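Some notes on the structure that comes next.
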Amino acid sequence: MMMEDMVAYCNQYGFIFQGSEIYGGLANTWDYGPLGTRLKNNIKDAWRYFFIQSRDSSFELDSDILMNPTVWKASGHLDSFSDPLLDCKECKTRHRADNLIGDFDEEAKADGMTTEEMIQYIRTNNVPCPKCGKSNFTDIRQFNLMFATERGVTQNSTNTIYLRPENAQGEYVNFLNVQRTMRAKLPFGIGQIGKAFRNEITPGNFTFRTIEFEQMEYQTFCKKGTDEELYAFFKDYGIKFFNLLGLPSENLRFHDHEKLAHYAKAACDIEYLFPFGWGEINGTHNRTDFDLSRHCEFSGKRLDYIDLLTNEKYIPYIIESTYGVDRIVLAVLFEALQEEELESGDTRIVLKISPALAPIKLNVLPVMKKKHGEKALEIYNNVKKHFMATYDDAGNIGRRYRRGDAIGTPYAISIDDDTINDGIVTLRERDSMKQIRIKTEELVDYLNDKVKLPVV
Ligand code: GAP
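Below you can see the structure in the form of structure tokens.
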């Protein structure tokens, strides 16, 4: 399946629409439709379960997008959160130098090169422009990715503030608030789900690279010396999380960074095999005591942890495990969406998504609207109190099954004469298409068990 097929599928079935579509769109922005929103929320719930609920000393935060601008000075984003850009002098298109090199030769390891090494590599190897094929570029300029905006109503009181480019800083500046109020002892975690904004100028591969996106970030505060073990733990934990979401290990790989961000002692991505190649969906970083030390320095406030048992006082290390919600939605869709040949010779579009992630869990279908519609509505009105369900009485039953298959609904029940006479419905499972007969009163318990996340 190619990217354009996925874009068309998402648009047709109500997962993802072009942002501001009726105005011709806005590059690299996308709106989630009703089914995409449900899928996204289910992925976020799975993250909450895996990272917050099922772990000890693990706390969720919801910090503001807008922060005191000094935060971004302290974090290093104002000075060094930039992309190396150059322009093609022939066709006037703009590119990221590291992407040009990576696309030209994957082995070249552009992420380990300095600006000078990149431009030298491009010139020596005559790396071509992907648009016009010529190799005639400007020098590389560093372009800051943060979105700046103005605060205040009068010009005199304006003040530049930034839309956060990551969630992490909200978690760092609240480190002591959470530690104090939750009476937390190291190691403990603070996680947050929230929007982040980056002024990405390069083309996006649908929702893979956007200017507004959502992150699920998780910071573990720990004592120096325990950091390396935790770093290794969270790399593996990431693979387990993705397996839980239905992404198999053979389509995942680690990518250890050679060139490290200004804050990191070690960094590793988990990449998923998209149709356009391997793409990062997670990052694990050993951020040392860089962030908290910098916030101490810039805020003038101490951010020490005091170990009450030993009376030691120190600034904790941080292991960060960060996930891009939008990229995970895309990976889950690519993994699950299939066009399947049936024994009958027909084909069907089926989204073989984990039932826990499926936007709709059950489709309630009267075999004949006139005869069975009332009973089917009665059942629907009951089951919808327990999980997301839909009622569909339009068209023949086979077509209605197919509509549910295409959006990943794992179960459908058909209501017929037997339901009216003795309360029995036919339950069809999406992937096997096998059918069983089940009593109406057993339905909710049976399905609740099938559509919940597996216990870890
Ligand atoms: N706090 C660390 C941090 O933000 P990152 O690797 O820059 O690290 C974390 O971003 C995750 O956010 C990535 O693994 C990716 O899944 C997602 N992400 C980053 N930039 C993105 C973009 N422009 N569009 C969509 N998702 C993005």
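Basically my numbering = 1-based index in the sequence shown + 679. The beta-carbon is built from N, C-alpha and C at its ideal position, and this holds for glycine as well. A quick note: this is a predicted structure, and the numbers were derived from the prediction, not measured.
- For residue 754, there is no enclosing beta strand (DSSP E); the residue is part of the alpha helix (DSSP H) that begins and ends at 749-754.
- With a cut-off of 8 Å on Cβ pairs, the region 882-890 is not in contact with the region 988-999, counting fewer than three such pairs.
- For the region 1001-1085, the continuous beta strand (DSSP E) assignments of 3+ residues that do not extend past its boundaries occur at 1016-1020, 1026-1030, 1041-1045, 1068-1070, in sequence order.
- In this structure, residue 738 lies near residue 868, with their beta-carbon atoms less than 8 Å apart.
- Residue burial is scored here from C-beta neighbours: residue 704 has fewer than 16 other C-beta atoms within 10 angstroms and is therefore classed as exposed.
- Looking at the DSSP output, residue 842 shares a beta bridge with 745, 826.
- Here the distance from the Cβ of residue 894 to the nearest heavy atom of the ligand GAP is below 7 Å.
- Shown here, residue 811 sits in coil according to DSSP, grouped into three states, outside any helix or strand.
- Residue 761 is bridged by DSSP to 823.
- For residue 1038 and residue 1134, the gap between their C-alpha atoms comes out near 20 Å.
- Cβ neighbours of residue 776 within its own chain (closer than 6 Å, five residues either side excluded): 763, 765, 797, 819.
- In terms of Cβ geometry, residue 997 and residue 898 form a close pair [threshold 8 Å].
- Under the three-state reduction of DSSP output, residue 876 falls in the strand class.
- Between the ligand GAP and residue 1028, a heavy atom-to-CB distance of less than 7 Å is absent.
- Note that the C-beta distance between residue 751 and residue 757 is below 8 Å.
- Contact between residue 938 and residue 965 fails: their C-beta atoms lie close to 15 Å from each other, not under 8 Å.
- Bounds of the beta strand (DSSP E) holding residue 901 are 891-901.
- When distances are taken from the beta-carbon of residue 999 to the heavy atoms of the ligand GAP, the shortest one is below 7 Å.
- Within the model, the alpha-carbon separation for residue 824 versus residue 789 is close to 19 Å.
- Counted as a single uninterrupted DSSP element, the stretch harbouring residue 686 is not any beta strand (DSSP E) but the alpha helix (DSSP H) occupying residues 682-692.
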